[in-house]
Amino acid sequence: MLPSPVVLLMGLTGGIGSGKSTVSAELARRGALVVDADAIVREVQQPGTDVFAAIVDRFGQGILQADGGLDRQVLADIVFADPEQLAALNAIVHPAVGLEIARRLEQAASSEGVVVLDVPLLVESGRDDLAGLIVVDTDPEVAVGRLVEQRQFVEADARARMARQASRQERRARADFVIDNDGDRDQLMGRIDECWDWIQRVAGESIVGPPITPTGRGGD
Numbered sequence: 005m006l007p008s009p010v011v012l013l014m015g016l017t018g019g020i021g022s023g024k025s026t027v028s029a030e031l032a033r034r035g036a037l038v039v040d041a042d043a044i045v046r047e048v049q050q051p052g053t054d055v056f057a058a059i060v061d062r063f064g065q066g067i068l069q070a071d072g073g074l075d076r077q078v079l080a081d082i083v084f085a086d087p088e089q090l091a092a093l094n095a096i097v098h099p100a101v102g103l104e105i106a107r108r109l110e111q112a113a114s115s116e117g118v119v120v121l122d123v124p125l126l127v128e129s130g131r132d133d134l135a136g137l138i139v140v141d142t143d144p145e146v147a148v149g150r151l152v153e154q155r156q157f158v159e160a161d162a163r164a165r166m167a168r169q170a171s172r173q174e175r176r177a178r179a180d181f182v183i184d185n186d187g188d189r190d191q192l193m194g195r196i197d198e199c200w201d202w203i204q205r206v207a208g209e210s211i212v213g214p215p216i217t218p219t220g221r222g223g224d
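According to this note's numbering, the stretch in the sequence shown is residues 5 to 224, in order.
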């Protein structure tokens, strides 16, 4: 559980290509303290860390770039094509990431504000100490198109990664607030504003009364 006096801990998740990173940045801009699991993964995988050394030991020098850092695309090509390889990578990375997330949440206990835990696989983790779960939802075909056009993914790679995440239906069923992101940026910003208003209501109710019924709960 999140220690007092933090007002509340919100979860944020969404499938790859959903626009979760944009939502996370916008919530931070509005005043949330964001604990970003993806950023922590990148940090613990930097050269010189124990995680980096363990990854190279497991997967070999072929996953390194010329500058000595991880070639994330090469590593992704290996692990997303083989469940055993993916499990091996997760066994190296996840414990370190979990410890760092716990450390940052402990530090956040003095923030007296809204803390957003931004984790791609939050639904899969089964975490139960959240005041609410925000899901960024996008049609899978729209998400694939964004990954291919904006992030230069190979389509097969994008679909393989999506297949290893919780389904759209599973995420929406767990959501307390759904941010639909099939439209343009203006529509997304409007929905983020609505989400921020909802977060403030939840924060207020957590202090002065019983939990409210979230108005933005999504369905199928």
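The beta-carbon is built from N, C-alpha and C at its ideal position, and this holds for glycine as well.
Beta-carbon proximity of residue i to residue j, cut-off 8 Å
i: ARG195; j: ASP184; result: yes
i: VAL139; j: ARG189; result: no
i: LEU37; j: SER129; result: no
Run of the alpha helix (DSSP H) containing residue i, from where it starts to where it stops
i: ASP161; result: 159-167
i: THR26; result: 24-33
i: PHE63; result: 54-63
i: GLY73; result: No alpha helix (DSSP H) contains GLY73, which DSSP labels as neither H nor E.
i: LEU151; result: 144-155
Coil, strand or helix - residue i by DSSP
i: VAL101; result: helix
i: GLY18; result: strand
i: LEU13; result: strand
i: ASP40; result: strand
i: VAL182; result: strand
i: GLY130; result: coil
i: GLY136; result: strand
i: ASP190; result: helix
i: ASP81; result: helix
Run of the beta strand (DSSP E) containing residue i, from where it starts to where it stops
i: LEU125; result: That residue, LEU125, is in no beta strand (DSSP E); it is neither H nor E in DSSP.
C-alpha gap between residue i and residue j, whole angstroms
i: LEU93; j: ALA207; result: 37 Å
i: ALA160; j: ALA167; result: 11 Å
i: GLY213; j: ARG205; result: Because GLY213 sits at a pLDDT of 37, beneath the cut-off of 50, its placement in the model cannot be relied upon, and the following sentence gives the value as read from the coordinates. The straight-line gap from Cα to Cα measures roughly 11 Å.
i: ASP81; j: LEU16; result: 26 Å
i: ILE211; j: MET14; result: Low confidence applies here, because ILE211 scores a pLDDT of 49, under 50, leaving its location unreliable and the question unanswered by this model.
i: GLY102; j: MET193; result: 30 Å
i: VAL78; j: GLU47; result: 18 Å
i: LEU74; j: VAL55; result: 11 Å
i: PRO87; j: ILE96; result: 14 Å
i: VAL45; j: ALA32; result: 19 Å
i: ASP133; j: ASP71; result: 41 Å
Residue(s) in a DSSP beta bridge with residue i
i: VAL206; result: Partner(s): none; VAL206 has no beta bridge.
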